[in-house]
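K.L.:
Provided herewith is a single structure, encoded as structure tokens, for subsequent inquiry.
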Amino acid sequence: MSDTTFVYDPNFSRGNPLAGPGWLAEHPDVNDRPYSVAVSTIPSSVYLPRLYPDAFQPVVEDQIDTSSCTGNASTAWKEFAYFRRTGRRPNFSRLLTYWGARSYRGWQNQDNGAFIRDCFRWMAEKGVALESFHQFKKENLFLAPSAQVLEQAARHKVTDARRVERTDVLKAIASGYPVVGGFTVYNDAVFGEAAQATGLIRLPRDGERMSGGHAVLFSWYDEALGLVGGPNSWGTRWGRGNRIRPGWFEMPIDYLLNPSLSDDFWTATDLTL
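In the working numbering, the protein residues as written are 523 to 795.
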């Protein structure tokens, strides 16, 4: 990949209803707490959606034409954790997490994406409210949460957010923790006919145009297939024929392991309410 030339197309996302600059990559911070795992070997495959099928929303979420993928992926992580603790699947507000992450940067009135770290920071400091308290509607995109929403969110916090090294992502999944991460979107690899039909994202080729970043929830891997994947947030318009669930994504493990193609991985180990 080192000799491959990619072309950035800043106008691509404006013309594609599925594309948005939702994930903003961020450098590690000295205050980040690293995820550590004691295991040296892991199973050749782990499918959390098969182990915990009801921990994920039955119909994949849709961020429509917003840049809220970080809020979608991070909130999906919290829903998984809640299910693991209670056996009940909640429906938490994706838009609240996205608003909260932007608020740390003064971006409440902008829709240009957010940092995954800020999503986990918001969930740790303020929590996540139920969807019914702060619904995913375009008119709520810039709406500040009410005192009632914040009171409800305070009941559902993340208490042990951890930054994950890319080489530990599969280990985290094998330990029962899905991982939120971002990847660089290349037009044909992600929005080509094959990807839109199957949800399988291939490695980008020489000369492909890059159109921003996207955050997802990595929740399974299969080393025999050389793939990793999980729920996406583009509805079933994209990846409608995915073999795990309609609208889910999968990509080569090499995509995840390449620092030029993916980065900024987060999870938590508390699995609290």
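Quick reminder that beta carbons are idealized off the backbone N, C-alpha and C, glycines included.
(1) Cβ of ARG611 within 9 Å of Cβ of TYR604?
(2) Reducing DSSP to helix, strand and coil, say where SER782 ends up.
(3) Run through the DSSP bridge pairs and tell me what VAL691 is partnered with.
(4) What is the residue span of the alpha helix (DSSP H) that GLY762 lies within?
(5) Spatial neighbours of TRP644 within its chain, please: CB distance less than 7 Å, with the 5 preceding and 5 following residues excluded, ordered by chain position.
(6) Please work out which residues of its chain come closer than 8 Å, Cβ to Cβ, to LEU779, disregarding the five sequence neighbours upstream and downstream, and give them in chain order.
(7) Note down the Cα distance separating SER741 from SER668, rounded to an integer number of angstroms.
(8) Can you find the residues in the same chain that come closer than 6 Å, C-beta to C-beta, to GLN718, ignoring five residues on each side of it along the sequence?
(9) Give the single residue among SER697, ALA646, ILE638, GLN630 whose Cα lies nearest to the Cα of ALA666.
(10) Going by C-alpha distance, which of ARG606, PHE655, LEU663 is nearest PRO571?
(11) Measure the Cβ-Cβ separation of ALA737 and GLY769 and say whether it is below 9 Å.
P.N.:
According to the data block:
(1) Reading the sequence shown from its first residue, position 89 is the one you call residue 611. Reading the sequence shown from its first residue, position 82 is the one you call residue 604. Yes, these two residues count as a Cβ contact at 9 Å.
(2) Residue numbering aside, residue 782 sits at position 260 when the sequence shown is read from its first letter. Three-state result, SER782: coil.
(3) What you label residue 691 is simply residue 169 of the sequence shown in a count that begins at 1. For VAL691, DSSP assigns no beta-bridge partner whatsoever.
(4) If you number the sequence shown from 1, residue 762 lands on position 240. Reading the sequence as shown, one finds Arg at residue 762 and not Gly. That residue, ARG762, is in no alpha helix (DSSP H); it is neither H nor E in DSSP.
(5) Reading the sequence shown from its first residue, position 122 is the one you call residue 644. Around TRP644: THR619, GLY622, ALA623.
(6) Within the sequence shown, residue 779 is the residue found at index 257, counting from 1. If we look at LEU779 and ignore the five residues flanking it on each side, its Cβ neighbours are ARG688, THR689.
(7) Locating residue 741 in the sequence shown gives position 219, counting from the first residue. Locating residue 668 in the sequence shown gives position 146, counting from the first residue. It is roughly 32 Å from the alpha-carbon of SER741 to the alpha-carbon of SER668.
(8) What you label residue 718 is simply residue 196 of the sequence shown in a count that begins at 1. These residues qualify, in order along the chain: TRP760.
(9) Translated into positions along the sequence shown, residue 666 becomes position 144. Minimum Cα distance to ALA666 is reached at GLN630.
(10) Reading the sequence shown from its first residue, position 49 is the one you call residue 571. Nearest option by C-alpha distance: ARG606.
(11) For the purposes of this step, residue 737 is taken as residue 215 along the sequence shown, with counting starting at 1. For the purposes of this step, residue 769 is taken as residue 247 along the sequence shown, with counting starting at 1. Result no, Cβ atoms of ALA737 and GLY769 do not sit closer than 9 Å.
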